[in-house]
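Colleague: Just passing along the structure, written as structure tokens.
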Amino acid sequence: MKKRILACLLALVMLIGAMPVMALAAEPEAETPASPASFDWEVSKSKTATALDADGSTRVTLSLPSAEENLATDVVLILDASKCAKDMLLATIGLIDDLNTQVEAGANIKLGIVMFKGNAVPFQSLTEGTDLKALKNALERLVVKNDNADGDMTKAKVRSYVAETFPNFMNGGTNIPAGLQLAKNMLAEDTAVTDARKYVVLVSDGDTYLFCHKKSDGSYDYINAYTRSGPMVNDHGGISESYYNGHKGETETKYGRAMVAHTLDSWKDYLTYVRDNNSNFEQYDFLVDISCLKDPKRYPDYFDETTQLIPVDREKPNRIINSDVSRYQTAQLFQELQSKYHTYYCYLPGGYDMARTMLQDLTPADHRIDAEGSSSNAFASITKDIVFAVGKGSTVTDIMGYDTDTDNGNNYNFDLVPNSLILTVGGQSLASLRDGNTYYFGDTGVNKDNCRFKVVYTPENDGEEKFVWTINEAVSNFSRVQLSYQLRLRDDARTSTDGYFYTNFSATLKPMDSKGAEGKEQEFERPKVKFGSDADYLLPILNLKKATPKLNTRDHFAYVQGYPD
Numbered sequence: 003m004k005k006r007i008l009a010c011l012l013a014l015v016m017l018i019g020a021m022p023v024m025a026l027a028a029e030p031e032a033e034t035p036a037s038p039a040s041f042d043w044e045v046s047k048s049k050t051a052t053a054l055d056a057d058g059s060t061r062v063t064l065s066l067p068s069a070e071e072n073l074a075t076d077v078v079l080i081l082d083a084s085k086c087a088k089d090m091l092l093a094t095i096g097l098i099d100d101l102n103t104q105v106e107a108g109a110n111i112k113l114g115i116v117m118f119k120g121n122a123v124p125f126q127s128l129t130e131g132t133d134l135k136a137l138k139n140a141l142e143r144l145v146v147k148n149d150n151a152d153g154d155m156t157k158a159k160v161r162s163y164v165a166e167t168f169p170n171f172m173n174g175g176t177n178i179p180a181g182l183q184l185a186k187n188m189l190a191e192d193t194a195v196t197d198a199r200k201y202v203v204l205v206s207d208g209d210t211y212l213f214c215h216k217k218s219d220g221s222y223d224y225i226n227a228y229t230r231s232g233p234m235v236n237d238h239g240g241i242s243e244s245y246y247n248g249h250k251g252e253t254e255t256k257y258g259r260a261m262v263a264h265t266l267d268s269w270k271d272y273l274t275y276v277r278d279n280n281s282n283f284e285q286y287d288f289l290v291d292i293s294c295l296k297d298p299k300r301y302p303d304y305f306d307e308t309t310q311l312i313p314v315d316r317e318k319p320n321r322i323i324n325s326d327v328s329r330y331q332t333a334q335l336f337q338e339l340q341s342k343y344h345t346y347y348c349y350l351p352g353g354y355d356m357a358r359t360m361l362q363d364l365t366p367a368d369h370r371i372d373a374e375g376s377s378s379n380a381f382a383s384i385t386k387d388i389v390f391a392v393g394k395g396s397t398v399t400d401i402m403g404y405d406t407d408t409d410n411g412n413n414y415n416f417d418l419v420p421n422s423l424i425l426t427v428g429g430q431s432l433a434s435l436r437d438g439n440t441y442y443f444g445d446t447g448v449n450k451d452n453c454r455f456k457v458v459y460t461p462e463n464d465g466e467e468k469f470v471w472t473i474n475e476a477v478s479n480f481s482r483v484q485l486s487y488q489l490r491l492r493d494d495a496r497t498s499t500d501g502y503f504y505t506n507f508s509a510t511l512k513p514m515d516s517k518g519a520e521g522k523e524q525e526f527e528r529p530k531v532k533f534g535s536d537a538d539y540l541l542p543i544l545n546l547k548k549a550t551p552k553l554n555t556r557d558h559f560a561y562v563q564g565y566p567d
């Protein structure tokens with residue numbers, strides 16, 4: 003009840019303090035958050051080709067995910083221990099259950115969990131062969147079945163368990179930067195997994211007011227917490243200090259403008275101001291622990307007795323207090339994670355709306371999760387993103403290779419060899435059916451109305467010969483799909499002054515994601531092929547010293563019968 007009253011008072015004070023700012027952002031467009039661009043979703047893919055054989059043929063293979071990629075995935079959850087109530091714990095258990103289903107089917111998934119309050123601890127290390135069932139059981143034991151609507155008893159049990167398990171856990175305050183830094187360390191240390199297959203989810207109401215100091219290597223020390231604001235009767239250096247403790251001036255104005263405008267530029271303006279002016283007040287940083295937060299006598303004596311803030315300095319009037327520093331570090335680390343990994347923000351009910359605003363605005367709409375609306379199913383969409391490389395409806399358009407540029411002396415052209423298409427899923431070939439220039443792939447009994455994949459071939463001349471591969475099911479990140487086919491150089495077009503031939507003019511993936519949204523078009527690489535060492539007699543300038551040519555037994559082995567010589 004006290005928390006609700008406090009929230010209402012804060013909202014009122016915020017409204018009054020922000021009225022001049024609202025006038026600056028009165029245009030309708032300013033009321034809608036301008037989300038950053040979505041994660042630069044680059045689908046893992048590859049295209050390879052074998053060397054040209056004596057017949058001028060090569061076998062090309064398209065792979066989703068890439069044929070070279072280690073099909074392992076890292077998932078790190080950053081959980082606010084003070085907000086890990088019943089619904090959120092059930093959502094985490096549900097995610098673990100979904101991931102374990104994939105593991106039992108052969109997927110290689112590592113799950114790490116960071117818990118934070120005043121500092122951060124590795125609740126579950128990101129290690130190979132983690133027993134997800136055991137982790138699920140451990141979390142299920144923390145759920146209080148007859149909990150209240152807010153899940154307070156489960157939340158208290160979680161905090162108690164973490165504090166008992168990790169003696170250095172600071173079970174008080176809120177320090178999002180600590181949680182983000184530990185997650186960043188976990189993901190960076192696993193060099194066996196590519197960055198494109200790493201997922202991180204911050205679960206918090208966004209309320210943060212303790213911060214970290216940097217270590218000699220430039221990373222933040224997530225074990226120790228610092229503050230720059232004195233104790234209060236009800237809130238110990240909390241986010242509300244901006245309004246109750248006389249935090250006025252340019253800093254507060256920029257923060258208020260950013261909350262009202264909901265634009266990245268306004269947040270950048272506020273965060274840049276904090277960064278540029280922070281050094282003026284670093285002398286007031288001091289190390290805190292849980293007992294310090296609860297005991298005003300533990301605070302330095304330079305704090306103002308009335309406001310419990312650092313001393314007023316007429317030459318430096320716009321205080322950069324601890325919540326400013328904490329928000330700046332949060333934004334910095336969160337954006338660093340976004341630049342490398344699939345990064346999500348799951349915002350929780352409770353707390354203050356103004357606390358979560360910054361993280362919401364920094365997160366693309368398709369990576370924001372409202373836990374209040376989705377409850378214990380909060381992570382359902384994340385599971386799909388982790389499991390599927392591309393969604394149903396994705397297509398690949400592949401234009402056969404050619405070069406008729408007489409100015410550079412090249413004149414070559416590849417044709418698709420009919421009936422050479424093979425499609426495998428997880429290394430297992432699918433059944434196929436050809437109907438004219440259309441190929442259908444699927445299970446036994448595949449037909450045009452019941453196929454998992456379809457390839458439509460257009461047998462035209464230069465620049466028009468192509469096929470379109472339609473993917474009628476979601477492609478798993480853990481079960482590689484490969485379409486291979488044979489190309490052959492035309493007998494009358496085999497000249498290349500470069501000494502190599504491009505197998506395709508272009509190959510373009512038009513992906514759909516797991517939610518059915520269309521992604522940006524992406525190009526496969528263009529393989530370059532040469533004649534093999536035993537086939538160079540077919541090049542325009544004959545090698546008369548070459549031994550008797552070898553038969554192409556690789557592509558036609560089923561028809562070659564006779565003696566080994």
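Quick note: the sequence shown uses my numbering, first residue 3, plus one each step.
Every residue, glycine too, gets a C-beta built ideally from N, C-alpha and C.
(1) Applying the criterion that 16 or more other CB atoms from any shown protein chain within 10 Å of the CB defines a buried residue, is Y502 buried or exposed?
(2) Using C-beta distances below 8 Å, list every residue in its chain close to N150, excluding the 5 sequence neighbours before and after it, in chain order.
(3) How should Y304 be labelled, buried or exposed, when 16 other C-beta atoms within 10 angstroms of its C-beta is the threshold for buried?
(4) Should the region 170-177 be regarded as contacting the region 121-135, the criterion being three or more beta carbon pairs within less than 8 Å?
(5) Return the residue from the list K159, E106, D271 that minimises the CA-CA distance to D1.
(6) With the cut-off set at 9 Å, would you say S65 and S48 are in Cβ contact?
(7) Between the Cα of F480 and those of D76, K135, C348, K530, spot the shortest distance and give me the residue it belongs to.
(8) Is H369 buried or exposed, if buried means 16 or more other CB atoms sit within 10 Å of its CB?
(9) Quick one: Cα of D278 to Cα of T345, how far?
(10) Does M356 come out as helix, strand or coil in the three-state DSSP assignment?
(11) In angstroms, rounded to a whole number, what distance separates the CA positions of V195 and A74?
(12) Alpha carbon to alpha carbon, how far is F288 from R300? Give it in angstroms, no decimals.
(13) Report buried or exposed for K296, applying the criterion of at least 16 other Cβ atoms within 10 angstroms of its Cβ.
(14) Under 8 Å, with one C-beta from each stretch per pair, do the region 392-409 and the region 503-517 reach the 3-pair mark?
(15) Helix, strand or coil, according to DSSP, for I294 in the structure here?
(16) CA-CA distance, E523 and D451?
(17) Starting from S206, trace the beta strand (DSSP E) in both directions and tell me its first and last residue.
(18) Under the rule that 16 or more other beta-carbon atoms within 10 Å means buried, what is D326, buried or exposed?
(19) Where T472 and D437 are concerned, what is the direct C-alpha to C-alpha distance, given to the nearest angstrom?
(20) DSSP three-state label for D57, please.
(21) With P179 as the anchor, note down where its alpha helix (DSSP H) starts and where it stops.
(22) Spell out the partners DSSP gives W471 in its beta bridges.
(23) Can you look up M90 in the DSSP assignment and give me helix, strand or coil?
(24) Quick one: using the 10 Å Cβ neighbour count with 16 as the cut-off for buried, is N439 buried or exposed?
(25) Fully enclosed by the region 69-150, which alpha helix (DSSP H) runs are 4 residues long or longer?
(26) According to the Cβ coordinates, are G96 and A382 closer than 9 Å?
(27) Please name the residue or residues paired with V483 in a DSSP beta bridge.
(28) Sorted by chain position, which residues of the same chain lie with C-beta nearer than 6 Å to V448's C-beta, five sequence neighbours on each side aside?
(29) Can you give me the C-alpha to C-alpha distance between P513 and V392, rounded to a whole angstrom?
(30) If you drop the 5 nearest sequence neighbours on each side, which residues of the same chain put their C-beta closer than 7 Å to that of K186?
(31) Can you grab the Cα-Cα spacing for the pair T359 / S281, in whole Å?
(32) Is the separation between the beta-carbon of D57 and that of R490 shorter than 9 Å?
(33) When you compare only the Cα positions, how much space is there between V62 and D387?
(34) Whose C-beta lies closer than 6 Å to the C-beta of I115 among residues of the same chain, with five residues either side of it excluded?
(35) For Q183 versus Y222, is the C-beta spacing smaller than 9 Å?
(36) Using the Cα positions of A136 and Q430, report the straight-line distance between them to the nearest angstrom.
Modeller: Quick answer:
(1) exposed
(2) none
(3) Note on Y304: under 16 other CB atoms within 10 angstroms of its CB, so exposed under the neighbour-count rule.
(4) yes
(5) What is shown of the chain runs 3 to 567, which leaves residue 1 out entirely.
(6) In this structure, S48 lies closer than 9 Å to S65 by Cβ.
(7) D76
(8) buried
(9) Just so you know, the alpha carbons of D278 and T345 end up roughly 27 Å apart.
(10) helix
(11) 6 Å
(12) 10 Å
(13) exposed
(14) yes
(15) The sequence given here has Cys at residue 294, not Ile. Note: C294 maps to helix in three-state DSSP.
(16) 27 Å
(17) First-last of the beta strand (DSSP E) with S206: 200-206.
(18) Only buried fits D326, as 16 or more other CB atoms lie within 10 angstroms of its CB.
(19) 15 Å
(20) coil
(21) For P179, the enclosing alpha helix (DSSP H) stretches over residues 178-191.
(22) V398, V457
(23) helix
(24) Only exposed fits N439, as fewer than 16 other CB atoms lie within 10 angstroms of its CB.
(25) 88-106, 134-142
(26) yes
(27) Partner(s): L66, V427.
(28) If you ignore the 5 residues before and after V448, its C-beta comes within less than 6 Å of the C-beta of A433, L435, Y442, all in its own chain and listed in chain order.
(29) 6 Å
(30) L335, E338, L339
(31) 25 Å
(32) yes
(33) 28 Å
(34) L79, F125, Q126
(35) yes
(36) 32 Å
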